[in-house]
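The block underneath contains the structure these notes are about, expressed in structure tokens.
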Amino acid sequence: MSFVLFRLKFSTPLHISNVRSDYAQSETIIHSDTLYSAFFEAWIKHGLTQQIEKQINQLQFTLSSLFPFTMDNKTKEYVYFFPKPLNLSYAKVSEKKHKDIKKIQYVDKNFLEKYRNGYRELIDEDYNLVKGKYLTEGCIDTNFISSEVFPRVTIPRQGGDATPYYIERIFFKENSGLFFIAQFDNDEIKNHVISALHYLCDEGIGTDRHVGNGFFQFEEDTIDFETIPSDYAFNLSLYCPSAERVKEIMNDDHIAYDIITRGGWITTPGYNTLRKKYIRMFKEASILKINYTTDGRIVDITPDKTTLPETAQNIHPVYRVGKSLFLTVKV
């Protein structure tokens with residue numbers, strides 16, 4: 000099973016907003032719904048509104064969230080990290096090693112394939128693979144992602160006192176960055192996505208792009224996964240199923256999942272004081288009863304117009320994409 004992979008190598012620092020909109024703390028991954036929105040915004044800037052309408056009616060591509068990658072210092076091969084599966088146990092690991100084991104946030108592709116084949120319980124020998132918050136056989140610099148907190152000030156346009164605040168910015172070492180995986184229904188939509196990526200290289204991604212954050216270059220590659228027949232799967236994106244699908248995937252003892260709430264402010268000038276509707280999705284690395292490679296829906300999260308002022312009645316539709324990529328796993 001093969002997917003297209005894109006590596007984003009950042010030339011400037013990056014800040015990724017969290018659910019609290021706390022500038023002093025940045026996330027280290029970009030969720031798939033944010034990436035979909037970035038592509039839609041790029042198409043709007045290029046006048047491709049018909050392409051957006053077409054995709055809203057039937058989405059022709061599926062994206063994973065953006066996860067970390069770096070290079071093995073010995074083999075000089077890229078090491079790709081995925082979120083630690085939610086049902087990975089460390090009960091068999093010596094208690095004195097639990098503190099370090101609990102720090103694991105990401106596993107490399109080799110371990111993920113092992114997990115997909117039924118490996119669920121870490122043992123003492125796996126402790127040698129723990130490198131900070133990463134579980135990998137690779138020889139890596141555990142600090143390939145670092146951060147610094149910088150002071151900033153907000154100056155009111157109408158005068159008044161400046162308000163200080165702090166922003167955390169993420170830095171990546173050479174041959175490190177964030178990657179995402181994609182599946183395309185046809186070459187036309189792939190070309191549109193690549194065109195949007197070229198635009199985002201110079202426009203930036205993340206928060207505070209106007210001061211130079213989030214600029215990058217990208218490389219295209221492929222990534223292969225073992226084909227494993229199963230009725231269960233591990234999601235690589237935020238996932239918003241239909242109500243009917245929820246009933247199918249939730250009634251099972253083998254599932255493990257976490258829920259994330261997504262919302263935030265509308266970014267369109269003139270409407271950026273308005274909040275989107277909130278929606279809950281399955282977080283990445285959940286284990287669900289599903290045997291599809293892709294699934295999910297697009298949700299209209301436009302604010303209720305009955306609550307909006309007269310000046311905002313002509314607001315455009317706002318959508319959140321909850322379509323996810325899945326990898327089957329044995330249970």
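Counting from 0, one number per residue, gives the positions in the sequence shown under numbering that gives the first Met the number 0.
The beta carbon of each residue, even a glycine, is placed where N, CA and C say it ideally should be.
Query	Result
Opening and closing residue of the beta strand (DSSP E) in which TYR77 lies	77-82
Backbone secondary structure at ASP220 - three-state DSSP	strand
Close beta carbons around PRO12, own chain, < 7 Å, minus the five adjacent residues each side	ARG168, ILE169, PHE170 and ASN212
Touch test, the region 57-70 against the region 25-44, Cβ-Cβ under 8 Å, three pairs minimum	yes
Contact under 8 Å by Cβ, VAL92 with ILE103	no
Enclosing beta strand (DSSP E) for SER279 [first to last residue]	Just to set this straight, residue 279 is Arg in the shown sequence, not Ser. 278-281 is the extent of the beta strand (DSSP E) around ARG279.
Alpha-carbon to alpha-carbon, VAL317 and GLY205	19 Å
Cβ neighbour criterion (16 or more within 10 Å) applied to CYS138	exposed
Residue from TYR77, THR266, TYR164 and THR141 whose Cα sits closest to the Cα of VAL152	TYR164
Candidates LEU324, MET70 and GLY46: closest to SER175 by CA position	MET70
Candidates THR305, VAL298, LYS304 and PRO308: closest to GLN54 by CA position	VAL298
Presumed contact (8 Å Cβ cut-off) between ILE314 and ILE248, rounded CB distance	The pair is not a contact, with the Cβ atoms about 33 Å apart (cut-off 8 Å).
Inter-residue spacing [alpha-carbon to alpha-carbon] between HIS191 and GLU124	46 Å
Sequence-distant residues of the same chain with beta carbon closer than 6 Å to PHE217, five excluded per side	PHE5, LEU7 and LEU196
Assigned exposure category for PHE233 - 16 Cβ within 10 Å defines buried	buried
Secondary structure of ASP107, DSSP reduced to three states	strand
Cutoff 6 Å; reference PHE9; Cβ partners in own chain excluding five residues on either side	PHE171, GLY176 and PHE215
THR306 versus THR266, SER323 and LYS275, residue with shortest Cα-Cα distance	LYS275
Euclidean distance between Cα positions of THR292 and GLU219	21 Å
Sequence-distant residues of its chain with Cβ nearer than 8 Å to SER285 (five each side left out)	LEU85, PHE233, ASN234, TYR238, ILE254, ALA255, TYR256 and ASP257
Neighbourhood of ASP338 by C-beta, 8 Å cutoff - its chain only, sequence neighbours within 5 removed	The chain is shown only over 0 to 330; residue 338 falls outside these bounds and no answer can be derived.
Extent of the continuous beta strand (DSSP E) run through ILE144	144-153
The region 103-116 in contact with the region 72-90 per 3-pair CB rule at 8 Å	yes
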